[in-house]
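Residue numbers (the UniProt record's numbering), protein chains in the order written: chain H, 1 to 474; chain F, 1 to 474; chain D, 1 to 474; chain X, 1 to 474. Every residue gets a Cβ at the ideal spot worked out from N, C-alpha and C, and that includes glycine. Notes follow the structure.
There are 4 protein chains.
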Amino acid sequence: MEEIPNVLAQRYASGAMREIWSPEGRIIAERDLWIAVLKAQKDLGLPVSADAIASFESVRDQVNLESIQERERVTRHDVKSRIEEFCDLAGAEGVHQGMTSRDLTENVEQLLVLRSLRLIREKSVAAMIALSKRAAQYRDLPITGRTHNVAAQATTYGRRIAMFGEEMLLAWEAFDTLVSRYPARGLKGAVGTQLDTLNLFDGDVAKVVELEERFAKHLGFEQVLGAPGQVYPRSLDFAVASALYQLGSGPASFARTLRLMAGHELASEGFLPGQVGSSAMPHKMNSRSCERIDGFHVILRGQLTMAAGLAGDQWNEGDVSCSVVRRAFLPDCFFAIDGLLETLITVLNQMEANPAVIEQENRHYLPFLLTTTVLMEAVKAGTGRETAHEVIKEHAVATARDIRSAKVRENDLFVRLANDDRIPLSSEDLDAILDRGAKATGMATAQTDAFNARVAEVEKRFPGASSFQPDAIL
Amino acid sequence: MEEIPNVLAQRYASGAMREIWSPEGRIIAERDLWIAVLKAQKDLGLPVSADAIASFESVRDQVNLESIQERERVTRHDVKSRIEEFCDLAGAEGVHQGMTSRDLTENVEQLLVLRSLRLIREKSVAAMIALSKRAAQYRDLPITGRTHNVAAQATTYGRRIAMFGEEMLLAWEAFDTLVSRYPARGLKGAVGTQLDTLNLFDGDVAKVVELEERFAKHLGFEQVLGAPGQVYPRSLDFAVASALYQLGSGPASFARTLRLMAGHELASEGFLPGQVGSSAMPHKMNSRSCERIDGFHVILRGQLTMAAGLAGDQWNEGDVSCSVVRRAFLPDCFFAIDGLLETLITVLNQMEANPAVIEQENRHYLPFLLTTTVLMEAVKAGTGRETAHEVIKEHAVATARDIRSAKVRENDLFVRLANDDRIPLSSEDLDAILDRGAKATGMATAQTDAFNARVAEVEKRFPGASSFQPDAIL
Amino acid sequence: MEEIPNVLAQRYASGAMREIWSPEGRIIAERDLWIAVLKAQKDLGLPVSADAIASFESVRDQVNLESIQERERVTRHDVKSRIEEFCDLAGAEGVHQGMTSRDLTENVEQLLVLRSLRLIREKSVAAMIALSKRAAQYRDLPITGRTHNVAAQATTYGRRIAMFGEEMLLAWEAFDTLVSRYPARGLKGAVGTQLDTLNLFDGDVAKVVELEERFAKHLGFEQVLGAPGQVYPRSLDFAVASALYQLGSGPASFARTLRLMAGHELASEGFLPGQVGSSAMPHKMNSRSCERIDGFHVILRGQLTMAAGLAGDQWNEGDVSCSVVRRAFLPDCFFAIDGLLETLITVLNQMEANPAVIEQENRHYLPFLLTTTVLMEAVKAGTGRETAHEVIKEHAVATARDIRSAKVRENDLFVRLANDDRIPLSSEDLDAILDRGAKATGMATAQTDAFNARVAEVEKRFPGASSFQPDAIL
Amino acid sequence: MEEIPNVLAQRYASGAMREIWSPEGRIIAERDLWIAVLKAQKDLGLPVSADAIASFESVRDQVNLESIQERERVTRHDVKSRIEEFCDLAGAEGVHQGMTSRDLTENVEQLLVLRSLRLIREKSVAAMIALSKRAAQYRDLPITGRTHNVAAQATTYGRRIAMFGEEMLLAWEAFDTLVSRYPARGLKGAVGTQLDTLNLFDGDVAKVVELEERFAKHLGFEQVLGAPGQVYPRSLDFAVASALYQLGSGPASFARTLRLMAGHELASEGFLPGQVGSSAMPHKMNSRSCERIDGFHVILRGQLTMAAGLAGDQWNEGDVSCSVVRRAFLPDCFFAIDGLLETLITVLNQMEANPAVIEQENRHYLPFLLTTTVLMEAVKAGTGRETAHEVIKEHAVATARDIRSAKVRENDLFVRLANDDRIPLSSEDLDAILDRGAKATGMATAQTDAFNARVAEVEKRFPGASSFQPDAIL
């Protein structure tokens, strides 16, 4: 049979993420779950031996997919064959006791989700640290702020990066809350009533509750759902997909803006050390990685649609019209966000600014951006407001027209104003306005510092994040 | 000009929600914002008189749309005309000082969003209380649990409702967090650097920060963004739309399940007092309101797509490719969720169960659901496991076939088993199994109570919610 | 590295579809394209030898991925390594002459798309034939038509199937048009101006145009785009994804309705020969395949979102923010629709109806559905319209109430009417109404026949379709 | 009650589109339908008088919403009150004979859809003509083609416009096919079996079929569905929404590219006659209308999601979970595409190019774009290929670096090459290459002409389209 690989996993996601969702990773998660159940059962007095648990734990990582497949060919039952394999490896018995198949599959999937969520949470912190470093580096570099893609007012490049960084941080805080609260379905049986577990404990309600809490804690869940059906509510998958999409939004806007800046040669996503543009076209530094980030965001949007298509569509205690959908989008949305973050950090590591071109652009637009200041100063110096307004407008419009028709190359508005007697400001006066104007970036630096301080706070919780390095990207 | 009304607002949303987003509501929100700025400016020593503030406050609700339009025809500037109107009404001056137009429009929209979020938060609590009451009412009514739309195991009707209720509660908790954290863009000027405000305070950074905090507090925001551009990040709109969609998911599944139950005549969404089915078709109690709930959920999904299309698409410090989109979906997503919740509460108020039909269905499926118990008892009574299994299977398959071919009308599996000597169980033994089986709903009741207890906790924070009554629906 | 397979491809899609999109399939498509270019170049007088073309054709299917990778390790250039491999195999030269890399990649992808479109077009015909057969089989079987999931009026089961079949046929006709018109981007060079090809033909515009037409014809395209940029317009991918979604809509509704019918035991998706329900639960014939069909439709919706996210987002002559997105959704949407159709045909092959249960349901609802007829007949027999209406309503409401409260099990409305003197109709009169009513399916049969006739027309164009058999599904 | 207007309709859509969907427009469509039924009934021998038809036709446009509402307050039945109003106005009887309420509502909605489709079809032609005119105007203006937002190869501005025009034309052809085939549901009765009509004609099947055909033809439909249920398949709404989205994609990319070009001051969307930029910021020509076009495209995507959420979700013969959804998105998607096209044509009427700036950009990038030509010429002149390559690369990289660091302002690569003895080309030789290079736009002009010729073909079918003028936009 033709082998078609999962392109998101193989080309873009990290090894760590692939490991979670690989066939081996699933087997291991399943075994972790069985062990967690055994421990909880033992805690609550069921006849489970410590030795058996130790034996199971010792062979947890011995995954032999061929052997399992071989068993399945005989038993024709997938769960049974994996139970047998695990028991034979451990030389022990007793896993899967009192469980239905959904007790296994739902919770195993949630365990994979939880592990992925945690991986992404930390990698996002790494990305925010990288954004923060770049924001700090360029905190004082004035740049022409644009609205409607047109020059509007000065800001700093670092502050621009902090703007997208704060958007990501905002999403991250919501994401962090989701991860902390993410609840397991728990051992609820065929339709959710915990009938089998209740029978296992001869009707002891308190023990049934306690079992689940211990089970969840062993696996790392903070919460367990109280009354799910056969399946956990699919709006929980939606919440995950939505949080991932929101998390990718700040990076997507950052990447889009860097693509725009590259078009003006103000900055680029940079090259790997040693790399140059193609020899034929050295000017052509394509923002391929930034484009890729924006691409991942579109992919996440599609996966969000899939998740949204399942939420609110539960029939009674559950059906599996969601089955094929979740097989597809659940791993894939983690591969996509993982690829997005890997690419983002790579860009942040490599990106370059061209301060000289940035400075040129500032000079080009500054006179236009400063006309209100000129007006104010002219009025102070004695011109009537109406007159000053009229004169400035006249020259500004003419300058803009001359630039667009290439009559002039440099923005000479201030020269024209200096030469017009109706405006009682000298060349020196106007130069001074220009000098101050270039630095009129308001609170940009303070805002950047404030963002960096918030990232530093987050960083404390994830000490390993600052040294994170992405895999090499294709 | 033909007047086309907003159908979501006019047909489905509540008066309270329409008020927020009406032209008058927007004017009032804008005035609240101007007053909040004045107060903050006064707090920080700018020359704003308490009298002026009082005057503005006293005319806040005097909204005359014609008069404003009249002014706009003269000034040809919308903001200016509203400033003039407000000042003339108050006989005072000074609003909009040190603000750019985005300082006004972005924050006003956010104020409308915040007010809507709070309205929905409380209305959702009312809905959860109504769910909780129904869950309590039916907590002990056994019902045939279905998976894959096919009978699977017994549960209770109250527990089924609690299942969807818990899904909603899970979403509500995330929603509540969002509402609490929802940050204002603040007074950030043209590209976000707060240049104008900084100039207003002669470069006093601390005062600029303090102004915003006071401004936000006066309006009821808990947080202010630190470094947005011309606009607040549009992924925040996405977070709102997504939270609304998630909030609607539990209700959508509940409504879908009630539509399914109505098809089996187990329950219906009920009629208004005095209402009957059409005289020609008294059997035809259409689940129109439940269908409508599911419809609203689809609408919210479309609005989510619009919000998702803006997130991650910011160019530099901002553009307004989002403008027309937000004009459309932002009010509409609140009208949709409002209509959904109004309809949901109406259904919860009116819904009816048919316990006799529910009981019939239980009896019809129970023998099939209890075959594992019969097997266990037969083995206890001395039959070999293999034999018992074979015999039970033989009769079960035959019974199912006879039901499908209408050879029998009632499920007589237990009669067949009683009559088969290979199974050493008497009619009485089997009847006893049936009796116990009908009550074998595991932890259903305890789970229902646990859900109700959690809703009761939430209710404490929103004491008015329990007496909420929806507007009459069309 | 952990191998993560593409789950849609490996679990659900057919071998034929996997072949198209497999690494080998891509290599072969690329070689087909190179050969098509060579032929067109030769046709137009460029020095390309017939022998070389023959040599290339003879080794077209000899794909050795390892050898290509080996070359790539040396050249570090993917296209170059594949050219070398092909030339070495053929012992010839000259492929890729006058082409840029996008001339290759865009057209190769389109070739894969075109092949997939054709495969799906024919498989859809097979599905419609299968629908048509089932419609014919059940064309005269009366069934209770439902609106709002509640009994409304009689129809036939065959007509219900034809209803969904017609929805599919409607989509298929649009799909067929799309396939017929699907245009190749053509050999347009780096930004679309055909500069290189024009140089190759020394400025001979007519030959440039002719070359493309021949190239496209050799590959099976009916049209070539006139003025694309670096890439073909991504709204074309959207058109494809959208057509696939529409094509899946009729099947999705059919599957959903079969899931509903299974819940009433009117019908089921059936079992494979020899298969029974689980021994413990013989009643439990889960509609897993129908659920899967609905699941595929949700997946297609997500892929549609991805395609929609690229359409309308072209910057200048093109960028590759679409690259990662298309790598993901383009093959996957074909795997999804392929899986949907394979599953659909499997269901159609295996599905079962339970005429006895259908008959029971009819009898249960028929009296309610026939009250207008009774009214008419009572009026003819002399009762006043008002009186008759009142009496019928009184009994109908009471009967419905008694059924819901299980006072009666069978719908005895007509018995009650027969016993009421105010209605001058005898038991016999009413029985006659009931008999006629059961057959009052209007034009259902004629409509079914009309649908079948249209499918038969389509079938003529695709003679192989009627013998198509799906792969065994998991 | 607060009046909330439909913002898409009131602010953006044309009067013609509002008219179709206004309350009055709906009444008129309904009357058209009743008249069409009467005519068809008369044609087929039912006792309908020509006088009655004439009377109804004569009052068709007398719509008095208050009077209808007054009647509804009495009858409490909306359809009945509209029938009464129509009959009283006409002094005639007999409308709505043999029809169920869905026969009315489904077909009326489809009639509104069909009218909207036709309006959009013609307005799209107007837009393509406007695109074509601009493409013709700039067909020979060389411009720097960009891929990845970076200079790549020369094209012409007219050809760039033709590129987006062709994308629109491609979508239009599919749209045109959809409009031509758009089928009415027809007079099918409660569950689609045409029972009532069949009774009306005493079982004459041929007449039932004939009636529908005549009915449809009177209303302007080319086709009637054969076997719909209570409702027409909702995937037909999806096909409409999808076709509108595709139709907007070319315009959206065009608008996005114009926004990009405005950022480089190569072009702008222009101003209304007499309009200038704000006096303070004359440089600031915001691309508000282009942003709006892109915004409409996002709205259409959301509406597409709503339509997609209904397709494939039919239960049995139909339900109305679609009702509220269609009330919202069906008119709105036409208001959105209408606003998009109105805005697009406005932009096309007003847009401006700055040829001098375009020329500057060409000169800036041309030397880089021509290095392969220099290489070729250098080799012809006797340098070794390797040497030439190395030298050119050295200077190109250095020039790019010097531009980015602002060491040089003008691209002086050719000066450097002229000064390097290793390259045996003189200043004159290099200038000649530059001159030719500026004109090396390949087939750009021919491609533009071909596009224009295709638009001219379409124009013939819609002679009024070329004189279409949009409403003034806000």
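The beta carbon of A262 (chain X) sits closer than 6 Å to those of S268, S287, all from its chain and outside the five residues before and after it, given in chain order.
In the three-state reduction of the DSSP assignment, S101 (chain F) falls in the helix class. Relative to the Cα of K380 (chain F), the nearest Cα in the group F:I423, F:R301, F:D313 belongs to F:I423. Listed in chain order, the positions of the stretch 292-303 of chain F with a beta carbon within less than 8 Å of a beta carbon of chain D would be empty, since no residue qualifies. Pairing V59 (chain D) with I27 (chain D), the inter-Cα distance amounts to about 12 Å. Counting the other CB atoms within 10 Å of its CB gives M376 (chain F) a total below 16, which places it among the exposed residues.
Taking a contact as a CB-CB distance under 8 Å, the pair G250 (chain F) and A171 (chain F) counts as one, their CB atoms being some 6 Å apart. Between V347 (chain H) and the set H:F271, H:A388, H:M306, H:E167, the nearest pair of CA atoms involves H:F271. Assignment of A255 (chain X) by DSSP, reduced to helix, strand and coil, places it in the helix class.
As the crow flies, the alpha-carbon of A328 (chain H) is around 24 Å from that of N64 (chain H).
Chain X has a Cβ within less than 8 Å of the Cβ of I4 (chain F). The beta-carbon of Q246 (chain H) is placed no less than 8 Å from the nearest beta-carbon of chain X. Between T448 (chain F) and R146 (chain F), the CB-CB gap reaches or exceeds 8 Å. Cα atoms of S426 (chain D) and N411 (chain D): separation of roughly 17 Å, rounded to the nearest angstrom. DSSP places Q153 (chain X) in the strand class (E or B) of the three-state scheme. With respect to the 8 Å criterion, T373 (chain H) and G437 (chain H) are classified as neighbours on the basis of their beta carbons. Note on geometry: alpha-carbon atoms of D176 (chain D) and R121 (chain D) lie some 7 Å from one another.
If you draw a 10 Å sphere on the C-beta of K39 (chain F), you find 16 or more other C-beta atoms in it, and that means buried. In terms of beta-carbon proximity, A227 (chain X) lines the interface with chain D, with at least one pair separated by less than 8 Å.
At a cut-off of 8 Å between C-beta atoms, L236 (chain X) counts as an interface residue with respect to chain D.
DSSP places T373 (chain H) outside any beta strand (DSSP E); the residue lies instead in the alpha helix (DSSP H), whose first and last residues are 371-380. For a Cβ distance threshold of 9 Å, residue set V298, R301, G302, Q303, L304, T305, M306 of chain X lies close to T305 (chain F), ordered along the chain. With a cutoff of 8 Å on beta-carbon distance, N107 (chain F) and L225 (chain F) are scored as not near each other.
Secondary structure at Q223 (chain X): strand, using DSSP grouped into helix, strand and coil.
For I392 (chain H), the uninterrupted alpha helix (DSSP H) segment begins and ends at 385-404. Assignment of R214 (chain F) by DSSP, reduced to helix, strand and coil, places it in the helix class. In the three-state DSSP reduction, P47 (chain X) falls in the coil class, being neither helix nor strand. Straight through space, the alpha carbons of I293 (chain D) and A154 (chain D) are spaced by roughly 27 Å.
Rounded to whole angstroms, the Cβ separation of R159 (chain X) and T193 (chain D) is 7 Å, and the two are in contact under 8 Å. Comparing C-alpha distances from L474 (chain D) to each of D:A13, D:G318, D:Q223 shows the shortest one belongs to D:A13.
Secondary structure of S14 (chain X) (DSSP, three-state): coil. Among the residues of the stretch 129-162 of chain X, those with a Cβ less than 8 Å away from any Cβ of chain H are R146, T147, H148, N149, V150, A151, A152, in the order of the chain.
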